[in-house]
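J.:
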Amino acid sequence: METSEIIKKVRKIEIKTRGLSSNIFAGQYHSAFRGRGMAFSEVREYQYGDDVRDIDWNVTARFNKPYVKVFEEERELTVMLLVDVSASLDFGTQKQMKRDMVVEIAATLAFSAIQNNDKIGVIFFSDKIEKYIPPKKGRKHILYIIREMLDFHAESKQTDVAQAIEFLTGISKRRCTAFVLSDFYVRQNFLQQLTIANRKHDIVAIQVYDKRTADLPDVGLMKVVDAETGFEQYIDTGSRKLRESYRRYWMKRQADLKETFAKSNVDSMSVATDEDYVKALMGLFKKRG
């Protein structure tokens, strides 16, 4: 992509996503991700209605009356975006490619984060860690991230979500909010890594998919290519039996994914490339708020 074309695209995405962040998500982002980091502030005497789990037993023993620890919300969060850059994202039969929607959602979250004075960092992953951008604040940093997302060329075509989550756990010493943006077109189970990471951090999964991966069209003989392995084959989409079998396969994959998120206690949302991701994000924020 030409440099001038990238700058034009970055500007276009900034105008759209920055507007969404300030107008639609004002306040919602903070209420959805508040209180995840709590800093100890002081102790005071126990009052009726206080949580007994907050009792400071050392101070209580010293003064012979119950005292509780008072915590203050850490206003400043560190937000990490784990962005899938594997080959399967370069697919789209509807309004846009999956990759384009991932970039827009990531940019919207990034602008929401800086409005809340949060730091934002990015991990680009395929079946390896392709690039790590450490968390920083500011518009200049976000524009750099968007530019990288638009013009990034991964070395590998395949996907390994587990490795990306392990990398996050290794580099982030303090608790952070992490968004995993992917189509979750994966062959390996990542439940264990996700469960461990979500105990330390606040993980949110965002799946972007294309309708044609859920429903095959009836267009007769069609050549299909697996973007990640390069495997090619011809299938007869005129066969109702084949279309129904494919639909069952898709439903099973989605059910397994949902179960993985439920077992690891991770909030998630799923949005198709022809759907309104703003509505999906609002639903996610509301669920958490």
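If you count by this note's numbering, then the sequence shown holds residues 1190 to 1478, one letter each, in order. Where a beta carbon is used, it is the ideal one built from N, C-alpha and C, also for glycine.
Using DSSP with H/G/I as helix, E/B as strand and the rest coil, what is L1380?
T.: Reduced to three states, the DSSP call for L1380 is helix.
J.: Assign Q1443 to one of three DSSP states: helix, strand, or coil.
T.: Here Q1443 sits in helix by DSSP.
J.: Identify whether M1269 lies in helix, strand or coil by the three-state DSSP scheme.
T.: Strand at M1269.
J.: Going by the beta-carbon positions, is the gap between E1234 and K1254 smaller than 8 Å?
T.: Yes, the Cβ-Cβ distance between E1234 and K1254 is below 8 Å.
J.: Relative to the alpha-carbon of T1366, which residue among A1343, D1307, D1407 and Y1438 has its alpha-carbon at the smallest distance?
T.: Nearest of A1343, D1307, D1407 and Y1438 to T1366, Cα basis: D1307.
J.: Mark D1349 as exposed unless 16 or more other C-beta atoms lie within 10 angstroms of its C-beta, in which case mark it buried.
T.: Buried, by the Cβ-count rule.
J.: With a floor of 4 residues, list each alpha helix (DSSP H) that falls wholly inside the segment 1301 to 1367, ordered by position along the chain.
T.: Those alpha helix (DSSP H) runs which fall completely within the segment 1301 to 1367 and span 4+ residues are 1328 to 1340 and 1350 to 1360.
J.: Considering Cα atoms alone, identify which of Y1438, K1258, S1301 and A1276 is closest to S1371.
T.: Out of Y1438, K1258, S1301 and A1276, A1276 has the C-alpha closest to the C-alpha of S1371.
J.: Three-state secondary structure (DSSP) at Y1218?
T.: If DSSP states are grouped into helix, strand and coil, Y1218 belongs with the helices.
J.: Give the single residue among I1334, F1341, K1317 and Y1374 whose Cα lies nearest to the Cα of E1355.
T.: Looking at the Cα atoms, K1317 is the closest of the given residues.
J.: What separation, rounded to the nearest whole angstrom, lies between the Cα atoms of R1225 and I1202?
T.: Any reading at R1225 must be qualified, since the residue scores a pLDDT of 49, below 50, and its modelled position is unreliable; no value is offered.
J.: Grab me the residues of L1431's own chain with a C-beta within less than 8 Å of its C-beta, minus the 5 sequence neighbours each way, in chain order.
T.: So the list reads L1405, I1424 and D1425, once near-sequence residues are dropped.
J.: By Cβ distance below 6 Å, which residues in the same chain neighbour K1205 in space, the five residues on each side in sequence not counted?
T.: The answer is none, since no qualifying residue turns up.
J.: Between the segment 1396 to 1413 and the segment 1377 to 1386, are three or more C-beta pairs nearer than 8 Å?
T.: In short, these stretches do not touch, since the Cβ pair count stays below three.
J.: Give me whichever residues DSSP pairs with K1258 in a beta bridge.
T.: Bridge partners of K1258: V1232.
J.: Between T1462 and K1287, is the Cβ-Cβ spacing less than 8 Å?
T.: Taking 8 Å as the Cβ cut-off, T1462 and K1287 qualify as a contacting pair.
J.: Taking 7 Å as the limit between beta carbons, can you name the residues of its chain near R1437, skipping five residues before and five after?
T.: Closer than 7 Å at Cβ, skipping near neighbours: no residue.
J.: Per DSSP, D1425 is paired with what?
T.: Answer is L1410.
J.: Under the three-state reduction of DSSP, which class applies to A1451: helix, strand or coil?
T.: It is helical.
J.: Using three-state DSSP, classify R1225 as helix, strand or coil.
T.: Residue placement at R1225 cannot be trusted, given a pLDDT of 49 that sits under 50; what the coordinates show is reported in the next sentence. Coil.
J.: Are the beta-carbon atoms of L1509 and F1373 separated by less than 8 Å?
T.: Residue 1509 lies beyond the residue range present for the chain, which begins at 1190 and ends at 1478; the question has no answer from this structure.
J.: Between which two residues does the beta strand (DSSP E) containing M1471 stretch?
T.: No beta strand (DSSP E) holds M1471; the alpha helix (DSSP H) holding it covers Y1466 to R1477.
J.: When you compare the CB positions of L1473 and T1297, do they come within less than 8 Å of one another, or not?
T.: Taking 8 Å as the Cβ cut-off, L1473 and T1297 do not qualify as a contacting pair.
J.: Closer than 6 Å by C-beta to V1369: which residues in its own chain qualify, once you throw out the five before and the five after it? Chain order, please.
T.: Excluding sequence neighbours, V1369 sits near L1271 and A1394.
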